[in-house]
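K.L.:
Residue numbers (this note's numbering), protein chains in the order written: chain A, 6 to 303; chain B, 4 to 851; chain C, 3 to 195. Glycine included, C-beta positions come from ideal geometry on N, C-alpha and C. Handing you a structure now.
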Amino acid sequence: MADRKALQVEMISAHPGPVPGHGVQRNLEVCKLVDTTTCIGCKACEVACVEWNDMPFSPTTFDNTYQTMPETRWNFWNLIKFNEHQKEDGTIQWLMRKDQCMHCADPGCLAACPADGAIVKYANGIVDFNQENCIGCEFCISGCPFNIPRFNPETKRVYKCTLCSDRVGEGLEPACIKACPTGCLKFGTKDDMKFIAEERAKQLRENFGIEKAGVYDPQSVGGTHVIYVLHDATDPERYGGLPKNPEIPWSYTVWKWLFKPVLGTFALFGLLGVCLHYVTAGPRRTQPEPPRKGERNG
Amino acid sequence: MTNGWIDIKNTDMMLIMGGNPAENHPCGFKWAIEAKIHRNAKTIVVDPRLTRTAANADMYLQIRAGADIAFLGGLIRYAIENNRIAKDYLLNYTNAAFIIKDGFKLPEDGLYSGFDAEKKVYDKKTWNYEEGGDLTGKPVAATPPEKTPPPLKAGTPPPAPVLPQKIAFDLSLQHPRCVYQLLKKQYERYTPEMVERITGIPKEQFLKAADLFTSIRKDGDMKKVATIIYAVGWTQHSFGTQIIRTAAMLQLLMGNVGRAGGGVNALRGHSNIQGATDMAGIFDILPGYLKMPTPTDVDLATYLKRITPGQAKPDPWDSFNYWSNTPKFTVSLLKAMYGPAATKENDWAFNHLPKIDRNYSWVNLWNDMYEGKVKGIFAFGMNGVMIGPDSQKNIDALKKADWLVVCEIYPDETSEFWRAPGITADEVKKINTTVYRLPGAGFAEKDGTFVNSARWLQWKNVAVPPPGQARLDQEILATIFLKVRELYQKEGGKFPDPILHATFSYTNPYNPSLAEVAKEINGKALADITDPKTNTTIKAGQQLPGFAWLKDDGTTLAGNWLYCGSWTEAGAMIQRRGTEDPSGLGIYPNWGWSWPANRRVLYNRASCDLNGKPWDPSRRQVWWDEAKQSWVGNDVPDFKVDSSPKDHMGPFIMNPEGVGRLFVPLGAMADGPFPEYYEPIESPIPNLLHPNQSNNPVVKRYKTDMDKYGTVEQGFNVICTTYRLTEHYHYWTKNNPMNVQLVPEPFIEVPTELANQMGIRGGEKVKVTSARSHYIAKAMVTRRIRPMKIDGKEMFQIGIPIHWGFRGIAEDEGKTAKTLANELTPTVIDPNAFTPEFKGFLVKIEKA
Amino acid sequence: MEFSRRTFIKGTVLGGAGFSALGFDLTPLHAQTQALKISRASETRSTCPYCAVSCGVIIYTLGDKAKNAIPQVVHVEGDPDHPINRGTLCPKGSSLEQDILNDRRLLKPQVRRPGSDHWEDISWDQAYTEIAQRVKKTRDETFLETDTQGRTVNRCEGIAWTGGCTDTNEFNYLAVKSMRSLGVCYLENQARV
C-alpha cells in the first residue's frame, strides 16, 4: 500500500495557498541530486524513464549531437543536454546535464493552472500532473521557468516528469535515479541532498582545482526538488540553458495576494490570469522548435 | 582484469587508454567515480577522441590512433629517469635482475636479433636468460658456450630452445645484459620529444601526465596504487598484444600488479567472451588455456612434454610453477570429453583431438573460405559479415561456401549476405550457398553461466520461454551433433571415433541441462581419491572441490580445470548471492565464484613486501601469518599458502620463473621480448624510430585480390578509427526501438577544422573511402577531435561508430546508406592474439 | 497512441464544475494512490547479456508462475543486491524489456536454397536432417587423417565454427566438445575480435 505520508497533498491547482490542514504531519521533503561533474551522458536515465512510464517511442533524427532530441517531449520527460564548452585555455569541456522537471517549491505551473486538481504539489515536494483534470489550456507551459511541461496534441493534455510519484509513494527511488550507472544521480531527503551536493562542490574546489564548483538550487522559485552540482555555478546557462534566476511570470503569482481574501470563481481568476499573462508575456509560446541543422553541437 | 570492477574504487590513480569505459562499461565505470569521490583519485584519459570518459577526466590527451606504445614507452622512460619505480618489487617480483644471453640485440633498427626476412619470423634462441648463478658484484663475462647437443636422428627437427633451469641474475641491476639495463636502453629512445612527434601529444602535456601518473611512486613510497584500464582500443592493432605488454611492464616497474586498486585491467566488451576464451572458443587452445596439439605431438607424452614448463628460476629462489600440473588438467579434460573411451592404453583418446600446425584464426577463416577451402560454416550468435574486417571479403567468402547454418534471434547480415546491397537479381541466382536460419533463444530464455571481466562466474535464470518456434541454442547444437553421430553410426565415414565417443550422457542428450554440463565442467572423481596430507577422501562420483584434486591417471574428469571448484558437493558456487564484504575492499567472496579458486585479485601475494606484510596496511588483501605458518587474508591467496617468505617464492606462480616478466623470453611473443613502437600497417608517416622498418616486421599481409592496403600517396591521408557507442550494442540493438530512438542513424565524427576545409556542416552526408571500400553517413562536426601535429605536420583523425548494417529498424526504414563500417577496415592481424587492426587505418573523406 | 500511464491511478480525482471558491475537496486527492506496476509480478534474477560488467538484472514477468499464466516480460530493472551494479543499468541494460519482447525476433526455422532470392519455411526436423547430412558430407570430403609427412592430424578443414559473445560457458563447452570431435580447426568466437 502506498505510503500515504509521502503523498500528502500540499497544494492544488486553481486554489491559492496550501490545502487546509496542511502541515499538521511531519513530512520529509524528497530531492534528486544531479552531479554534472560525474555525469557520463549515458542516457540510462532517459531509458529508465521511458521504460518505467511505458511511454511510446517517437522518431528522432540525427542533429549533429549526441543529444537524443532537442528538447523534452510529452513522452520523453528526461533528457541529457550535451554542450561543448570552450574553456579560456582553448580546451573543450564536454558538459552533460540531465534536464527534467525541477519540482519547484513554488511551482510556476501550478500557479498558472486554472484547472482544479490538474496539478498538485505533495508535501514531499513532488509536483505532479493529473491529466484527468487537465483542460489543455497550456498555461502551465508558460508558467514554468524551466520550459518543461509538454502538450500532447492528440490527447490535448500536458505531461511532464512525475518524479516517479508512484514509486516514491511506495517507498522506492525514481526510475532514473536507480538506473544511473555512475551515481551522479542521487535521491533522498532535500537536507541530505543539499549536504552531499555542498560536500562534493567543496571537494571539487579543494581537491580537483575546480574553483567555481557549486550547487544549483535556485531560491527564486523557493528552491527546487532537483538540485545540481555544477563545475561552474556562476554560469548555469552553459549547461543547455539552465536559467540563472528562474522566475515565474508575475502575472501568475500576482492574483495570489490580490485575490487571496476573496477568491473569485474558477472563471474569474482563470480569465484574469489569461489576460494578465497575455498583457505581460504575449501569446503562448509554442513547443520549442528544433534548431536548424548544423547549428547545435555537443 | 587482474583485479575486478569493484576493486577500481581502491585506486589512487587511473590511466584509461585504449578503452572508453564511461561509454562501453557505464556500470563498471561507477567504481572509477567512487575512487574519485572517496579517495580523490585522479584520472588520465588518452584517446583519439574526447569521449564521454575523457569528459570526466582530470587530464585528457588526444593521441594519434595506434601510437600507444610510443606514449607508454615514454612513460616507462620517465618513471626510470625520475626514480618513480618500486625498487624492492622490481628486484624480487620481476625478472629485472635476470641476465639475458649474449647475442641478444635490441631493435635500434627496428629488428630484434634472429629475424628471418624471407619468412618474416624470428629465431628466438637469443631471447633467453643466461644460465648461471648470482652474479651480483661479479665482473661481466660473456655467455659461456652452449654444450654441444647430442646428434639428432635424421629427419627429426631440432628441439625447441628451453629456459635454463638456473637463471643468472645480478641484484645490483648493473650488469649490462640484465633485463633492467636492457629495458632502460630500449626506452631511452622514447624521449618526450619523440613521444610528441609520434603521438601528436605536445611534450608539455605528456610531461604533465607522466608526472601525474608516476606521482604515486614519489620517493619510492609504496602505499599508493595506480591502475591501468583498457579495452579493444589496445587489442585491435597489428601490435595490440605489445601495447598491453608495455602497460604491464609499466605496472610491474611501479609495483602496481597484485594490489588492490592496481593491476592491468582489460575491460572485456561482451557478456561472455572472457568465458569463451576460458572455454577455448578459439582455435589455438583447449579449455583452461591448454595449448592445441600439433602434428609433432606424436603421442600424449610428447605433447605434455612440449606444453608443460620445467623448472627455470634463480637457484636460491623458490617457484611454484603451477603449469607443471598441466598433465593433470589435460587428462581430466580428455576424460570429460571422451569418458570411458579415454583409456590409459589409447593415450586417453589424445588422437581424437585435431592436430594443428598453422593459423586458423578469424581473418584466416574468412580468407580461406574466400579461397574456397572452407565449405561449411556455423554462426551461432556471431555476425561475421558485420564484424569484418573487410566485410565485403566476408560476404564474397560466404558466396563460395556450400552451406551456412545461422542460429540467431534477429535477422542479421550474415544470414542475409545474399541480399547485401549491390547484389543484383542475376547475381543472387549464382549464389549457391544453402543458408539455414534457426531461431535461437535470447538471454532471458536460457540459463547458464557468463564470466565477467573480473573472472566472476555467475549463473543466470530462465524468465520466459523462447517465442514462437524458437529453441534453446544448446538443444539446436546437441541435436545437430547427435544427428551427425547417428549418420556415422549408420553409414560409417572418416574417422568416426571421436564423434561416436564424445560423451553426451546428459539426462536428455538432445537438450542437455546446462546445470549438468556445468557440473561436468567443474569435474568429479571417477574413483575414490585421497589426499594423503589431510587424509580426506572424495568418493567416486562426487564433485571435486578444486583443481588441486585433479589427477593424470584417469581417476578424475573436468571439462575445464580453471573452473574446478565452481560446482562442488556443497552446491553451485556460481549461484551464490552472498552480499557481505567484510574487508570493505569490494571482494564479495560469497557472491558467485571467481576463477581461479575464487581469487578476486590475481597475483595478490605481490600486495605484500618480501616479509609478507601488506605494502599498504589500509588495503590488506592477504598476508603471511607467522604463527599459523600460512598465507591468510581477505582474499584467497594466489600463492602456495604454506610457502614462507623466507623461501623467496615468486608471486607470479603461472610463470616458471615465479616473477613478472619485463622481458618475455623465447617464444611467448612473436615480435619481440620488449614492445617496440611500430606504425599501423596503414600509417601516415614512416616510423620515426627506424624509417626502414616502419611496421611490425612479423605481420603478414593477405594475398587475395580483395586484400588492399592504402597509402598517403594514394590519397588516403586521414586517420580513421572505429568504435562503439554507449547507446548501442554491436549489431544487436539496431533491432531495439528504444536504442534506435537514442541514436537513430549512423554518423561520422569529423573535426570542425576538417569540416571547414571540406565545406561541410554537421548533418550533411560524407563519404569515407579506404583502399577497400567506402562508407556513407552524416557528419557530426565536432571540436572534440582536434587537428594534430604529427612529426610537425597537420593531420586529421575521424571516427566511425560501427553499429549499422543492412538489417535493422533504421535500415529497414531506408534511413541509412546500408554501408558497413567494417567494409573499410583492413585484413591485418596482431601476430600474437590474431586480432584485426580495426583502429588506426587510412581513409579519404569527401562530401557525399 | 494513447498515453495510458494514468490508468494506473486507482483513485478518482473529482474536478471541473461544482466546487466553490474555497472548495477544496481533498478526500479523493488524499486517497489517490497509484499501484506499482510490478508489485505482484514474478521476479527472475538474471545477468545482462551486453558488456562484461555483468550487471544483475531482475526480469519482471506477468503472472505468479501459476500454470495458466503465460509469463511475458513487463519490466526489467537492475538487481540492487548485485555487488557490481547495485541496481544501476546503462541505457542498453535499461532497455532489455524491448530486447526480450521484440517484434523483430526470428520465430521459425527458414532456409535459403541455392540461387534463391527468398527464405522458405522449413520444419525443425527437416532442417536438422539436412544440416546433419551436409556436415557429414563436408567432413568426409575434407577430413585429413595424416599430413603430407604421414603424421596423425585427424582434422577437418572444410568446416568452420563461429561462436557468439553471449554463448554461455556450458554452451561453449558443448561447442568445443562437438566441434573438436568433428575435427574442426577453424573454431573461433567473438572473443577474438
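DSSP has Thr597 (chain B) in a bridge; who is on the other side?
P.N.:
In the sequence on display, residue 597 (chain B) carries Ser and not Thr. DSSP, once it has assigned bridges, lists B:Trp459 as partnering Ser597 (chain B).
K.L.:
Taking just the CA atoms, how far does Cys50 (chain A) sit from Ala269 (chain B)?
P.N.:
Whole-angstrom Cα-Cα distance: 27 Å.
K.L.:
Please list, in chain order, the chain A residues whose beta carbon lies closer than 7 Å to that of Ser180 (chain C).
P.N.:
Under the 7 Å cutoff, chain A gives no residues; its nearest Cβ is about 38 Å from Ser180 (chain C).
K.L.:
Could you tell me whether the Cβ of Pro93 (chain C) comes closer than 8 Å to any Cβ of chain A?
P.N.:
Judged by the 8 Å Cβ criterion, Pro93 (chain C) is in contact with chain A.
K.L.:
Looking at the strands, I want to know which residues DSSP matches up with Cys36 (chain A).
P.N.:
Answer by DSSP bridge pairing, in chain order: A:Gly193.
K.L.:
Figure out for me which residue from C:Gln112, C:Pro116, C:Glu132, C:Ile133 has the closest Cα to the Cα of Asp241 (chain C).
P.N.:
Nothing can be reported for residue 241 (chain C): it is not among the residues displayed for chain C, which extend from 3 to 195.
K.L.:
Quick check on Trp255 (chain A): buried or exposed, where buried means 16 or more other Cβ atoms within 10 Å of its Cβ?
P.N.:
The residue in question, Trp255 (chain A), is exposed, as its Cβ has fewer than 16 Cβ neighbours within 10 Å.
K.L.:
Consult DSSP for Tyr363 (chain B) and reduce its assignment to one of helix, strand or coil.
P.N.:
Reduced to three states, the DSSP call for Tyr363 (chain B) is coil.
K.L.:
List, in order along the chain, the chain C residues whose C-beta lies closer than 8 Å to that of Val35 (chain A)?
P.N.:
Simply none; closest approach about 16 Å.
K.L.:
Report all residues from its chain with a CB closer than 8 Å to the CB of Thr729 (chain B); omit the five preceding and five following residues, and keep chain order.
P.N.:
Ala25, Glu26, Asn27, Pro29, Arg55.
K.L.:
Name the DSSP beta bridge partners of Ser44 (chain C), please?
P.N.:
C:Thr63, per the DSSP bridge assignment.
K.L.:
Helix, strand or coil: how does DSSP classify Asn658 (chain B) here?
P.N.:
It is coil, neither helix nor strand.
K.L.:
Please go through the same chain and pick out, in chain order, the residues whose beta-carbon is closer than 8 Å to the beta-carbon of Gly278 (chain B), but skip the five residues on each side of it.
P.N.:
Excluding residues within five positions, the ones whose Cβ falls inside 8 Å are Thr452, Phe453, Val454, Leu460.
K.L.:
State the CB to CB distance for the pair Asn23 (chain B) and Ile390 (chain B), rounded to an integer number of angstroms; the pair is presumed to be in contact (CB under 8 Å).
P.N.:
The Cβ separation is near 19 Å, so there is no contact.
K.L.:
Cβ of Ser394 (chain B) versus every heavy atom of the ligand ADP: is any distance shorter than 7 Å?
P.N.:
What this structure holds is no ligand at all, so the ligand ADP is not there to describe.
K.L.:
Do we get a CB-CB distance below 8 Å when we pair Asn119 (chain A) with the residues of chain C?
P.N.:
First, the amino acid is wrong: residue 119 (chain A) is Pro here, not Asn. It does not; no Cβ of chain C falls within 8 Å.
K.L.:
Is it buried or exposed, Ser41 (chain C), if we count other Cβ atoms within 10 angstroms and call 16 or more buried?
P.N.:
Ser41 (chain C) comes out exposed.
K.L.:
Name the two residues that bound the continuous alpha helix (DSSP H) containing Lys206 (chain B).
P.N.:
Looking at the DSSP string, the run of the alpha helix (DSSP H) that includes Lys206 (chain B) is 206–217.
K.L.:
Classify Val235 (chain B): buried if its beta carbon has 16 or more other beta carbons within 10 angstroms, exposed otherwise.
P.N.:
Buried, since its Cβ has 16 or more Cβ neighbours within 10 Å.
K.L.:
Decide yes or no for the touch test of the segment 71–78 of chain B against the segment 39–47 of chain B: beta carbon pairs closer than 8 Å, at least 3 of them.
P.N.:
Result no; under three Cβ-Cβ pairs closer than 8 Å.
K.L.:
Check each residue of the segment 36–47 of chain A: if its Cβ is closer than 7 Å to any Cβ of chain B, include it; give the result in chain order.
P.N.:
Within the segment 36–47 of chain A, the qualifying residues are Thr43, Ile45, Gly46, Cys47.
K.L.:
Within 10 angstroms of its Cβ, does Leu109 (chain C) collect 16 or more other Cβ (buried), or is it exposed?
P.N.:
It is exposed - the Cβ of Leu109 (chain C) has fewer than 16 other Cβ atoms within 10 Å.
K.L.:
Report the residues of the segment 73–99 of chain A with a CB closer than 9 Å to any CB of chain C, ordered along the chain.
P.N.:
Result list: Trp79, Asn80.
K.L.:
So with Cβ pairs under 8 Å, would you call Asp61 (chain B) a contact of chain A?
P.N.:
True, the Cβ-Cβ gap to chain A drops below 8 Å.
K.L.:
Can you tell which of B:Val377, B:Gln189, B:Ala263 has the C-alpha that lies nearest to the C-alpha of Ala5 (chain B)?
P.N.:
Note that residue 5 (chain B) is Thr in the sequence shown, not Ala. For Thr5 (chain B), the nearest C-alpha among the options comes from B:Ala263.
K.L.:
Measuring only between beta-carbons, confirm whether Ser183 (chain C) sits less than 8 Å from chain B.
P.N.:
Output row for Ser183 (chain C): interface = yes.
K.L.:
Label Gln65 (chain B) either buried or exposed according to how many other C-beta atoms from any shown protein chain fall within 10 Å of its C-beta, with 16 as the threshold for buried.
P.N.:
By the neighbour-count rule (16 or more Cβ atoms within 10 Å), Gln65 (chain B) is buried.
K.L.:
DSSP three-state call for Ala400 (chain B): helix, strand or coil?
P.N.:
Three-state DSSP puts Ala400 (chain B) in a helix.
K.L.:
In chain E, what lies closer than 7 Å to Asp68 (chain A) by C-beta?
P.N.:
This model lacks chain E altogether, as its protein chains are A, B and C.
K.L.:
What does the alpha-carbon distance come out to for the pair Lys433 (chain B) and Val701 (chain B)?
P.N.:
When rounded, the distance between both Cα atoms is 39 Å.
K.L.:
Here's the rule I'm using: 16 or more other beta-carbon atoms within 10 Å means buried, otherwise exposed. How should His120 (chain C) be labelled?
P.N.:
His120 (chain C) should be labelled exposed.
K.L.:
Please state whether the Cβ-Cβ distance between Lys703 (chain B) and Lys123 (chain B) is less than 8 Å.
P.N.:
Yes.
K.L.:
Between the Cα of Gly21 (chain B) and those of B:Ala70, B:Asn13, B:Gly7, B:Ile36, spot the shortest distance and give me the residue it belongs to.
P.N.:
Closest by alpha carbon: B:Ala70.
K.L.:
Is the CB of Val113 (chain C) under 8 Å away from at least one CB in chain B?
P.N.:
Taking Cβ atoms only, chain B reaches closer than 8 Å to Val113 (chain C), which makes this a yes.
K.L.:
Counting contacts by CB-CB distance shorter than 8 Å, is His32 (chain C) in contact with chain A?
P.N.:
Because the pLDDT at His32 (chain C) is just 48, under 50, the model does not fix this residue reliably, and the value given afterwards should be weighed accordingly. By this cut-off, His32 (chain C) is an interface position.
K.L.:
Should the segment 464–478 of chain B be regarded as contacting the segment 149–165 of chain C, the criterion being three or more beta carbon pairs within less than 8 Å?
P.N.:
Because the criterion of three Cβ pairs below 8 Å is not met, the segment 464–478 of chain B and the segment 149–165 of chain C do not touch.
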